[in-house]
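Asker: I'd like to ask you about the structure that follows.
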Amino acid sequence: MRTDALDAIAAANIKRGGGTSNFKGYHGFPATICVSINDEIVHGIPGDRVINDGDVVSIDAGAIIEGWHGDAAFSVIAGTVDPADQKLLAVCEESMWRGIAAGCVGAKISDIGHAIESYVKSQGKYGILQEYGGHGIGTEMHQEPHVLNFGKGGHGLELTPGLVLAIEPMITRGTHKTRVLGDDWTVVSTDKSRGAHFENSYCLLPDGKPFVLTAIDGGRDRLASLGIEISNLLN
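The sequence shown begins at 2 in the numbering used here and counts up by one.
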């Protein structure tokens with residue numbers, strides 16, 4: 002399958018759901034989703050590239066519904082699974098959930114990045130991208146605050162009810178250093194190491210509990226495994 006075929010599928014599904022793309026045209030981005038393969042970590046532009054067996058494919062997508070923005074990302078392995086790639090994806094995804102679990106009411110914004118970095122470092126020698134991170138989201142796709150995926154906890158903005166954040170760690174099997182290709186969008190690792198990218202958007206409710214807006218169950222199962230109870234919006 003070509004990556005532009007994935008883009009067409011995404012565009013059709015967003016339209017079917019009554020939304021519009023918040024990626025296409027954003028600062029000139031030419032597509033509905035980002036598709037990044039192997040050493041492309043984020044912001045890959047869909048086109049005629051064919052996805053091959055064993056590729057690590059990261060998809061970042063967003064939409065606007067009734068004026069509100071959503072943003073999420075995930076990585077998968079096409080076909081044959083390399084155990085090292087499988088662990089890369091598992092570590093990245095788990096670090097995202099740990100970041101969300103650390104970002105509850107009363108925490109500091111830096112606690113999120115500290116939780117992400119602490120977990121990633123505990124799992125092996127992975128590079129955490131430093132130039133890119135999470136963000137506030139709502140009536141615009143990118144709003145304050147910026148959310149680092151690393152650093153010391155205990156400082157910065159205190160998290161309060163009503164805040165909506167997109168948490169998105171990006172890690173590689175090698176260096177944290179990146180460069181941008183000639184298309185002015187695609188971010189690749191400088192040592193050609195493969196990367197993974199996971200993202201969910203979540204809100205903090207008046208009851209002090211989180212709810213993951215881009216997870217089918219609101220993040221209930223994954224956050225429960227980390228000792229966090231979500232708000233009861235699904236009841």
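Each residue gets a CB set at the ideal place from its N, CA and C atoms; glycine is no exception.
(1) Taking only the alpha-carbon atoms, compute the straight-line gap between I129 and F30 and give it to the nearest angstrom.
(2) If you draw a straight line from the C-alpha of Y127 to the C-alpha of T176, how long is it?
(3) Sorted by chain position, which residues of the same chain lie with C-beta nearer than 6 Å to H198's C-beta, five sequence neighbours on each side aside?
(4) Grouping DSSP H, G and I as helix and E and B as strand, with all else coil, what is C105?
(5) Under 8 Å: do the region 32–43 and the region 94–109 share three or more Cβ pairs, one atom per stretch?
(6) For the 8 Å Cβ check, are there 3 or more pairs between the region 106–113 and the region 16–26?
(7) Any chance you could list the beta strand (DSSP E) runs of at least 3 consecutive residues sitting entirely within the region 196–236, in chain order?
(8) Excluding the 5 residues preceding and the 5 following R3 in the sequence, name in chain order all residues of the same chain whose CB lies nearer than 6 Å to its CB.
(9) For D5, collect the residues of the same chain with a Cβ closer than 7 Å to its Cβ; drop the 5 residues on either side in sequence, then sort them by chain order.
(10) Using a Cβ-Cβ cut-off of 8 Å (strictly less than) and excluding sequence neighbours within five positions of Q144, which residues of its own chain qualify?
(11) Are there three or more Cβ pairs, one per stretch, closer than 8 Å when the region 220–235 is compared with the region 172–192?
(12) Let's see if you can read the secondary structure: which residues bound the alpha helix (DSSP H) around S123?
(13) If distances are taken between C-alpha atoms only, which option among G68, D40, I78 and T191 comes closest to N53?
(14) If the criterion is Cβ atoms closer than 8 Å, does the pair N150 and G114 meet it?
(15) Return helix, strand or coil for L158, following the three-state DSSP convention.
(16) Going by beta carbon distance, what residues of the same chain come within less than 6 Å of E41, once the five residues before and after it are set aside?
(17) Would you mind sorting R17 into buried or exposed? The rule is 16 or more other CB atoms within 10 Å of its CB.
Answerer: The relevant details are as follows:
(1) 24 Å
(2) 7 Å
(3) V43, S59, A74, S76 and M171
(4) coil
(5) no
(6) no
(7) 196–198, 201–205 and 211–213
(8) D49 and V51
(9) P47, G48 and D49
(10) H136, G137 and I138
(11) no
(12) I110 to S123
(13) I78
(14) yes
(15) coil
(16) T187 and V189
(17) exposed
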